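Trainee: At position 17 of the sequence shown the residue is numbered 19 (our numbering), and the sequence of numbers has no breaks.
Submitted below is the structure of interest, expressed as structure tokens.
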Amino acid sequence: MVENLSDKYWNQLHKTSEPMRVLHSFYMELFNRDHNRKDVAMFNKLLRIYNREEIFYTVLDIYDMKKPNLSSPYPLFATIIKNRMKKERGGNSLASSRDLTSDIRRKQKRIEEQREIKDTLEIPEIKND
Numbered sequence: 003m004v005e006n007l008s009d010k011y012w013n014q015l016h017k018t019s020e021p022m023r024v025l026h027s028f029y030m031e032l033f034n035r036d037h038n039r040k041d042v043a044m045f046n047k048l049l050r051i052y053n054r055e056e057i058f059y060t061v062l063d064i065y066d067m068k069k070p071n072l073s074s075p076y077p078l079f080a081t082i083i084k085n086r087m088k089k090e091r092g093g094n095s096l097a098s099s100r101d102l103t104s105d106i107r108r109k110q111k112r113i114e115e116q117r118e119i120k121d122t123l124e125i126p127e128i129k130n131d
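Below, the structure written as structure tokens:
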């Protein structure tokens, strides 16, 4: 049953200009929940922060849990998505915390040094006969 629903909603998710409706419908159907404003607001909030695929996979992850607490699902969604993002990005869900400015400057200096060396070299011309 989940495979069929997941395929159905996955295809709809990529064709729609309203992903909130598709994700919310998928969530409601999968968990046999009634339509409510709280869940609509939650999906709108999630879509402002995360992409639709992350949210879709999170719905499936929650479905695989033994007894998820769906009375207040937003923290559960946010935690699962953040943990997945941290894992995929090597432990940091945001941009790298390491400042790369000095590395870039060092590489730019090295490139400039190589250009200067190149300009001083005499490279013989190769004739094609």
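Backbone N, C-alpha and C define an ideal beta-carbon position, used for all residues, glycine too.
Remember, it's a predicted structure, so these values are computed and weren't measured experimentally.
How should I113 be labelled, buried or exposed, when 16 other C-beta atoms within 10 angstroms of its C-beta is the threshold for buried?
Mentor: Taking the first residue of the sequence shown as position 1, residue 113 is located at position 111. I113 should be labelled exposed.
Trainee: Rank R107, V42 and Q116 by C-alpha distance to the C-alpha of P21 and give the top, closest one.
Mentor: Along the sequence shown, read from residue 1 onward, the residue named residue 21 stands at position 19. The shortest C-alpha separation from P21 is found at V42.
Trainee: On the premise that F33 lies in contact with L72, defined as a C-beta separation below 8 Å, what is that separation, rounded to the nearest angstrom?
Mentor: If you number the sequence shown from 1, residue 72 lands on position 70. If you number the sequence shown from 1, residue 33 lands on position 31. Approximately 6 Å separates the beta-carbon atoms of L72 and F33; this is inside 8 Å, confirming the contact.
Trainee: Excluding the 5 residues flanking N13 on each side, which residues of the same chain have their C-beta closer than 6 Å to its C-beta?
Mentor: In the sequence shown, the residue the question calls residue 13 occupies position 11. No residues qualify anywhere along the chain.
Trainee: Nearest by alpha-carbon distance to S8: which of K17, L48, V61 and N53 is it?
Mentor: Here residue 8 refers to the residue found at position 6 when the sequence shown is read from its first residue. Checking every option, the nearest Cα to that of S8 belongs to V61.
Trainee: What I want to know is whether the C-beta of E114 ends up closer than 8 Å to one or more non-hydrogen atoms of the ligand GDP.
Mentor: The ligand GDP is not part of the structure shown, which contains no ligands of any sort.
Trainee: For R39, collect the residues of the same chain with a Cβ closer than 6 Å to its Cβ; drop the 5 residues on either side in sequence, then sort them by chain order.
Mentor: Stepping through the sequence shown from its first residue, residue 39 is reached at position 37. Nothing listed; no residue qualifies.
Trainee: So what does DSSP say about P21, is it helix, strand or coil?
Mentor: Position 19 of the sequence shown, counting from 1, holds the residue named residue 21. Three-state result, P21: helix.
Trainee: Here's the rule: buried if 16 or more other CB atoms are within 10 angstroms of the residue's CB, otherwise exposed. What is D26?
Mentor: Within the sequence shown, residue 26 is the residue found at index 24, counting from 1. Before going further, note that residue 26 is His rather than Asp in the sequence given. So H26 counts as buried.
Trainee: What does the alpha-carbon distance come out to for the pair D121 and K88?
Mentor: Here residue 121 refers to the residue found at position 119 of the sequence shown. Here residue 88 refers to the residue found at position 86 of the sequence shown. As the crow flies, the alpha-carbon of D121 is around 46 Å from that of K88.
Trainee: Spatial neighbours of I64 within its chain, please: CB distance less than 6 Å, with the 5 preceding and 5 following residues excluded, ordered by chain position.
Mentor: Residue numbering aside, residue 64 sits at position 62 when the sequence shown is read from its first letter. Correct list, in chain order: P70.
Trainee: Starting from S104, follow the alpha helix (DSSP H) in both directions and report where the run begins and ends.
Mentor: Taking the sequence shown and counting its residues from 1, one reaches residue 104 at position 102. Where S104 is concerned, the enclosing alpha helix (DSSP H) stretches over T103 to T122.
Trainee: Is the distance from the Cβ of R133 to the Cβ of L15 below 9 Å?
Mentor: Any question about residue 133 goes unanswered here, given that the chain covers just 3 to 131.
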